[in-house]
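Enquirer:
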Amino acid sequence: MTLFVEVALPVRVNTPFTYQLSTDEPLDAGTRVLVPFNAKQLVGIVLCCKNEIDFDPKKVKPVTKVLDTTPALSADMLELARWVSQYYHYRLGECLSLMLPKGLRGDNPAQKSTVSVTQLTDKGKLVHPNQLAKKPKQQAWLSQLNSQAAISSKQATSLELSPSSRNTLIKQGLVVKTDLPIPILHNQATDPNALELNTEQQTVLDNIALDAGFQCHLIFGVTGSGKTEVFLQLMQQVLDQNKQVLILVPEISLIDQTIKRLKARFDTTFALLHSGLNDTQRNDAWLDARSGDARIVLGTRSSVFCTLPDLGLIIVDEEHDGAYKQNDTLRYHGRDVAIVRAQKQNIPVVLASATPSLESLHNALNNRFVLHRLTQRAANAQMPFIEMVNLKQHEPVDGISQPLHSRIQQHLEHNKQVLLFLNRRGFAPTVMCTECGWQAVCHQCDARLTLHKNQLICHHCNQSQPILRQCKSCSSHSLTAIGNGTVRSEMYLETHFPNTHIIRLDKDSTQTKDALKTQLEIISNGEPCIIIGTQMLAKGHHFDQVTLVGVLDCDSGLFSADFKGEERTLQLLTQVAGRSGRAKDLGEVLIQTYHPTHPLFQAIENNQYEFYAQQLLDARHDMLLPPFNFSALIQADHQYAYTAESALIALKQIPLPPQVDCIGPMPAFMAKLANRYRFHLVLKSQHRSQLHMAITILQNALQKQSKVRWFIDVDPNEL
DNA sequence: AGCACGCCGACT
DNA sequence: GTCGGCGTGCTC
913 MTLFVEVALP VRVNTPFTYQ LSTDEPLDAG TRVLVPFNAK QLVGIVLCCK
963 NEIDFDPKKV KPVTKVLDTT PALSADMLEL ARWVSQYYHY RLGECLSLML
1013 PKGLRGDNPA QKSTVSVTQL TDKGKLVHPN QLAKKPKQQA WLSQLNSQAA
1063 ISSKQATSLE LSPSSRNTLI KQGLVVKTDL PIPILHNQAT DPNALELNTE
1113 QQTVLDNIAL DAGFQCHLIF GVTGSGKTEV FLQLMQQVLD QNKQVLILVP
1163 EISLIDQTIK RLKARFDTTF ALLHSGLNDT QRNDAWLDAR SGDARIVLGT
1213 RSSVFCTLPD LGLIIVDEEH DGAYKQNDTL RYHGRDVAIV RAQKQNIPVV
1263 LASATPSLES LHNALNNRFV LHRLTQRAAN AQMPFIEMVN LKQHEPVDGI
1313 SQPLHSRIQQ HLEHNKQVLL FLNRRGFAPT VMCTECGWQA VCHQCDARLT
1363 LHKNQLICHH CNQSQPILRQ CKSCSSHSLT AIGNGTVRSE MYLETHFPNT
1413 HIIRLDKDST QTKDALKTQL EIISNGEPCI IIGTQMLAKG HHFDQVTLVG
1463 VLDCDSGLFS ADFKGEERTL QLLTQVAGRS GRAKDLGEVL IQTYHPTHPL
1513 FQAIENNQYE FYAQQLLDAR HDMLLPPFNF SALIQADHQY AYTAESALIA
1563 LKQIPLPPQV DCIGPMPAFM AKLANRYRFH LVLKSQHRSQ LHMAITILQN
1613 ALQKQSKVRW FIDVDPNEL
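In this note's numbering, the protein residues as written are 913 to 1631.
(1) Taking Q1514 as part of the alpha helix (DSSP H), name the residues at either end of that continuous run.
(2) CA-CA distance, A1639 and K1089?
(3) Is P1570 helix, strand or coil by DSSP?
(4) Leaving out five residues before and five after H1186 in sequence, what residues of the same chain have Cβ atoms less than 6 Å from its Cβ?
(5) Taking just the CA atoms, how far does A1531 sit from E937?
(6) Is it true that the region 1231 to 1245 meets the region 1195 to 1203, where meeting means three or more beta-carbon pairs spaced less than 8 Å apart?
(7) Looking only at C-alpha atoms, which of A1473, V1572, V923 sits nearest to N950?
(8) Taking the alpha carbon of P1260 as the reference point, which residue from R1588, L1107, L1585, V1282 has its own alpha carbon closest?
(9) Grouping DSSP H, G and I as helix and E and B as strand, with all else coil, what is S1187?
(10) Any chance the region 1537 to 1552 sits against the region 1501 to 1513, with 3 or more Cβ pairs inside 8 Å?
(11) Do you know whose CA, among V1134, Q1149, T1459, lies nearest D1118's CA?
(12) Taking C-alpha atoms, which residue in F1623, L1273, H1323, C1386 lies nearest to D1497?
(13) Grab me the residues of P1041's own chain with a C-beta within less than 7 Å of its C-beta, minus the 5 sequence neighbours each way, in chain order.
(14) For a test of the three-state rule: what should DSSP assign to W1622, helix, strand or coil?
(15) Exposed or buried, which one is Q1329 when buried takes at least 16 other CB atoms within 10 Å?
(16) Closest by CA to I957, which one among T914, S934, M1011, I965?
(17) Can you list, in chain order, the residues of its chain with a C-beta nearer than 6 Å to that of N1335? Leave out the 5 residues immediately preceding and following it.
(18) Since I1546 sits in a beta bridge, which residues does DSSP pair it with?
(19) So, helix, strand or coil for K1049, using DSSP?
(20) Within the chosen definition, does the region 1270 to 1287 reach the region 1127 to 1137 through at least 3 CB pairs nearer than 8 Å?
(21) Got a sec, what are the start and stop residues for the beta strand (DSSP E) D1465 sits in?
(22) Does the ligand FAD have a heavy atom nearer than 7 Å to the CB of R1253?
(23) Using 8 Å as the threshold, is the region 1478 to 1488 in touch with the region 1263 to 1271, meaning 3 or more CB pairs across them?
(24) Helix or strand or just coil, what does DSSP make of T981?
(25) Going by CA-CA distance only, name the one from L1286, S1028, I1096 that's closest to R1194.
(26) Can you name the start and end residues of the alpha helix (DSSP H) that K1564 belongs to?
(27) Per DSSP, what are the beta-bridge partners of I1640 in this structure?
(28) Measure the CB-CB distance between A941 and L990 and report whether it falls below 8 Å.
(29) Does the region 1452 to 1459 come close enough to the region 1097 to 1115 to have 3 or more Cβ pairs within less than 8 Å?
(30) Using C-beta distances below 7 Å, list every residue in its chain close to V1116, excluding the 5 sequence neighbours before and after it, in chain order.
(31) Here's the rule: buried if 16 or more other CB atoms are within 10 angstroms of the residue's CB, otherwise exposed. What is T1422?
(32) My assumption, with CB atoms under 8 Å, is that Q1314 sits in contact with H1306. Please give the rounded CB distance.
(33) Mind reading off the beta-carbon distance from A1393 to V1458? Whole number of angstroms is fine, and I expect it under 8 Å.
(34) Alpha carbons only, please: which of P1567, L1631, L1528 is nearest the one belonging to Q1547?
(35) Could you check whether the region 1155 to 1162 touches the region 1069 to 1083, counting it as contact only if at least three pairs of C-beta atoms, one from each stretch, sit closer than 8 Å?
(36) Based on DSSP bridge pairs, tell me the residues matched to P1378.
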């Protein structure tokens, strides 16, 4: 009897395709196969085998090649992919393809890469290095190979072993060159002892049951409360049970410091998965995780899709971070997928943050999550002292007011470090003509151009232009830089603190490989310095010697049109403030603002994150915003605004389930981006199932047209 | 997504 | 007559 397989392909068609197998050996679901599709060969994932087909047998083609002996994706992951596909309304075949590392999306075998090494032959093992005393270079090779079974050519160079003498040894048949798989990242712990927990930490540890199946825990611990130590000890328990741990962090810059702590503590194997790896490294790490060889897997959001045979615990650190949401192709939320995965695999998941997202806080307060609080800073560090600077009274120069300036001076005199936060890179956000009011704008977007040192750059489409000398509207020479970015404040600091090391941390200063790492190392030396940077500073980094944090400007976040604007500002300020005074010395935080009476600042001043978050939740409740209803966004874009808008107007005529509101179409926040006009339709409902029904109806309609480009974003980050 | 098929306007 | 515009529909 002929055996058929249903294969999901990475194409924009929702249905699986059927192919014929050449043997009667069934394939496991999750196996990669190479199949003909149109004129091409594509890699697909086997969904199931079957004996019969329900369409024209003449059309069925045979599978070209079976690519895996072990399925690339486990049955768990296949099921997760089905959920992801339905929830985010994205085609299953494409979801599955995105779950594989790039190296396995093609028709390569799932094998680890190899490294060429030199090893002793059986004959060579019988030779004592002293027998080669007259040939010191060869002798060096033999003695090294007696203490280390395999030497790569890279190691040989650093050990100053001569390649030519190795070739002589090869000719003599004493050593041989072979290709071995890249060894797994295995670590010897340098500091394996658990720290002593305070009572609060101990209570949290005791209350997270690892053997109770699925449960979602939220550790709400103030900055510096020692959350990490709690999950290190939790991880130890999981590892002792012979299970794997998956830790997610929001972005790549946090991988370094996290892995440092993990390596110090655990004597075990690791896999790191993040965007800084090349395809080979990523592939290797992924295969280590899938085989179960790696016991700890640390990665950014996409590692939530990694096949792990013995998974026992998922940790989502800094769970509030917006970087967990993917904003292209498959628009999933890493944290939410992690929770669903834990549920499907019936294991615990731990979310942690000093500033939990409103969704998670809401879930915790409603007992859907188990809430654990850490209210004290560990190691007796005190919460910082927070103060506002009213910019109406203290006009800033290049972003820095007099009170902040003198406070910087004080802290530097005490040999401390200062951290300044400004969420705007470049020199100045606007170039304006003081004669006629004209501003330099991007030709491709509805955005002003940011002034950088040598050019004008659009931060939205990355297009650059040379710096203008004359106004394009009235030809006057009165062009002025308005507002300020990190570079402008950096220049101010260089002028006024000429003997102090100024370190700028933003996307522009950390472009080159390792730049961030080097700069973080300089900071950790502890020398007094001023660090100025964008939001990347706020993300969980440990700055021991920082005692003063200055927030140069966060007013734009207070009155944002976006429903999450205030939540983000609250989180950002709380996190930034938390960078101050992590060690013994009391920290200080100065926030510059033109609106010092805004209630958000009062909450920050009094360390009332939860109080204010609760108020924001109440407001969301009154306005029926998430998490009190569910929403999805449909974007259509086209080179002509009219075409994009009419496509959505047509869509709106389609009848939807009664309990779904359809709002729009309206222009997107930046209606023109990279020469395309973008319009939104927003769907809202109290009922998740009705919302999904509505999305499906509209998606089907969209698939039938080819005029506009479109996407669907479920639980969008911005409305 | 690609790629072919097919039905209408402006060219050698 | 035919070259090529892009609307429609299919891919196992």
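The beta carbon of each residue, even a glycine, is placed where N, CA and C say it ideally should be.
Expert: According to the structure data:
(1) Element bounds for Q1514: 1511 to 1517.
(2) For residue 1639 there is no data in the structure shown, the boundaries of the chain being 913 and 1631.
(3) Note: P1570 maps to coil in three-state DSSP.
(4) Cβ neighbours of H1186 beyond the five flanking positions: I1164, I1167, G1211, T1212.
(5) Those two C-alpha atoms are separated by around 60 Å.
(6) These segments do not touch.
(7) Among A1473, V1572, V923, the Cα nearest to that of N950 is on V923.
(8) The shortest Cα separation from P1260 among R1588, L1107, L1585, V1282 belongs to V1282.
(9) Coil.
(10) Not touching, per the Cβ criterion.
(11) D1118 has its Cα closest to that of Q1149, out of V1134, Q1149, T1459.
(12) Of the listed residues, the one whose Cα sits closest to D1497 is H1323.
(13) In its chain, beyond the 5 residues on either side, Q1051, L1054, S1055, N1058 have a beta carbon closer than 7 Å to the beta carbon of P1041.
(14) Three-state result, W1622: strand.
(15) So Q1329 ends up on the buried side.
(16) If we check each option's Cα against that of I957, M1011 comes out closest.
(17) Closer than 6 Å at Cβ, skipping near neighbours: T1446, Q1447.
(18) L1593, I1624, per the DSSP bridge assignment.
(19) When DSSP states are grouped into helix, strand and coil, K1049 belongs to the helix group.
(20) Under the Cβ criterion (8 Å, minimum of three pairs), the region 1270 to 1287 counts as touching the region 1127 to 1137.
(21) Per DSSP, D1465 is one residue of the beta strand (DSSP E) stretching across 1458 to 1465.
(22) What this structure holds is no ligand at all, so the ligand FAD is not there to describe.
(23) As far as the Cβ criterion goes, the region 1478 to 1488 touches the region 1263 to 1271, which means the pair count is three or higher.
(24) Residue state, collapsed to three classes: coil.
(25) Proximity to R1194 across L1286, S1028, I1096 peaks at I1096, based on C-alpha coordinates.
(26) Per DSSP, K1564 belongs to the alpha helix (DSSP H) from 1553 to 1564.
(27) This structure does not reach residue 1640, given that the chain is present from 913 up to 1631, and the question cannot be answered.
(28) It is a contact, given that the beta carbons lie within the stated cut-off.
(29) Contact fails: fewer than three Cβ-Cβ distances are below 8 Å.
(30) Within its own chain, the residues whose Cβ lies closer than 7 Å to the Cβ of V1116, once the five positions on either side in sequence are excluded, are I1131, V1142, H1284, L1286, listed in chain order.
(31) Buried is the call here.
(32) With 8 Å as the limit, Q1314 and H1306 qualify as a contact, their Cβ atoms being about 5 Å apart.
(33) About 29 Å; that fails the 8 Å criterion.
(34) A check of alpha carbon separations from Q1547 across P1567, L1631, L1528 identifies L1631 as the nearest.
(35) Segment contact: the region 1155 to 1162 against the region 1069 to 1083, fewer than three CB-CB distances shorter than 8 Å; contact not assigned.
(36) According to DSSP, which records beta bridges pairwise, P1378 is partnered with Q1367.
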